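Undergrad: For what it's worth, the working numbering labels the leading residue of the sequence shown as 2, then goes sequentially. From the three backbone atoms N, C-alpha and C, an ideal C-beta is built for every residue, glycine too. Note that the structure is predicted; figures quoted are calculated from it, not measured.
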Amino acid sequence: MEAADMSKALSMDLRVRALAAVSQGLSHRAAAERFEVSAASISRWRKLERERGDARPHALGGDRRSARIDAHMNAILESLGPDKDATIEEVRRSLAEQGLFFGFGTIQRFFARHSITRKKRVRTPRSKTVPTS
Numbered sequence: 002m003e004a005a006d007m008s009k010a011l012s013m014d015l016r017v018r019a020l021a022a023v024s025q026g027l028s029h030r031a032a033a034e035r036f037e038v039s040a041a042s043i044s045r046w047r048k049l050e051r052e053r054g055d056a057r058p059h060a061l062g063g064d065r066r067s068a069r070i071d072a073h074m075n076a077i078l079e080s081l082g083p084d085k086d087a088t089i090e091e092v093r094r095s096l097a098e099q100g101l102f103f104g105f106g107t108i109q110r111f112f113a114r115h116s117i118t119r120k121k122r123v124r125t126p127r128s129k130t131v132p133t134s
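(1) Nearest-angstrom Cα distance between Gly82 and Phe103?
(2) Hey, Phe105 and Arg93: beta-carbon distance below 9 Å or not?
(3) Using 8 Å as the cut-off, can you tell me whether the region 72 to 82 makes contact with the region 36 to 45, which would need three or more C-beta pairs spanning the two stretches below that distance?
(4) Rounded to a whole number of angstroms, what is the C-alpha to C-alpha distance between Glu50 and His115?
(5) Which whole-angstrom value is the C-beta distance of Arg16 and Ala56, which I expect to be below 8 Å?
(6) Exposed or buried, what is Ser44 when buried is set at 16 or more other beta-carbons lying within 10 Å of its beta-carbon?
(7) In terms of residue numbering, what span does the alpha helix (DSSP H) encompassing Glu98 cover?
(8) Leu78 to Ser95, Cα distance in whole Å?
(9) Express the C-alpha separation of Arg18 and Gly54 in angstroms, rounding to a whole number.
(10) Suppose you measure from the CA of Arg127 to the CA of Gln109; what does that come to, to the nearest Å?
(11) Which two residues bound the contiguous alpha helix (DSSP H) that contains Arg65?
(12) Identify whether Asp84 lies in helix, strand or coil by the three-state DSSP scheme.
Following this line, the structure appears as structure tokens:
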């Protein structure tokens, strides 16, 4: 998706002007029609203004779910075992025994985000022969 296709919050200038019109007695619907926004937007902005003191938009996008699994990092690292070679299903079972339930993909993304590898390496001595080409 290109940046031009992504949604953006309506400007603070528009919000301030619309809310000023409402505070001067205009109804939400009339203000919405005048400023070409929805009446629901005016209502949300009024609510923000009452709760926070202004109608600034919330941040758009970003990760909203990682904190749930990141909060259990120690339990996940312990479930990997001493050699850190447990499979994702083994980690899931270990976490489930502790009452923590995460999907396969959630754990996979957790490992990728924290650069945790679980590759099972063959423990053999290095070859003594040197490549010839």
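TA: Taking the coordinates as given:
(1) Straight-line Cα distance between these residues: approximately 18 Å.
(2) Going by C-beta atoms, Phe105 is nearer than 9 Å to Arg93.
(3) Because the criterion of three Cβ pairs below 8 Å is not met, the region 72 to 82 and the region 36 to 45 do not touch.
(4) Distance between Glu50 and His115, taken at the CA atoms: about 39 Å.
(5) Contact check for Arg16 and Ala56: beta-carbon distance about 4 Å, within the 8 Å limit, so the pair qualifies.
(6) Looking at its Cβ environment, which holds fewer than 16 other Cβ atoms inside 10 Å, Ser44 is exposed.
(7) For Glu98, the uninterrupted alpha helix (DSSP H) run begins and ends at 89 to 98, by DSSP.
(8) C-alpha separation (whole angstroms): 11 Å.
(9) Roughly 15 Å separates the two Cα atoms.
(10) Whole-angstrom Cα-Cα distance: 30 Å.
(11) Boundaries cannot be given for Arg65, as no alpha helix (DSSP H) includes it and DSSP labels it neither H nor E.
(12) Three-state result, Asp84: coil.
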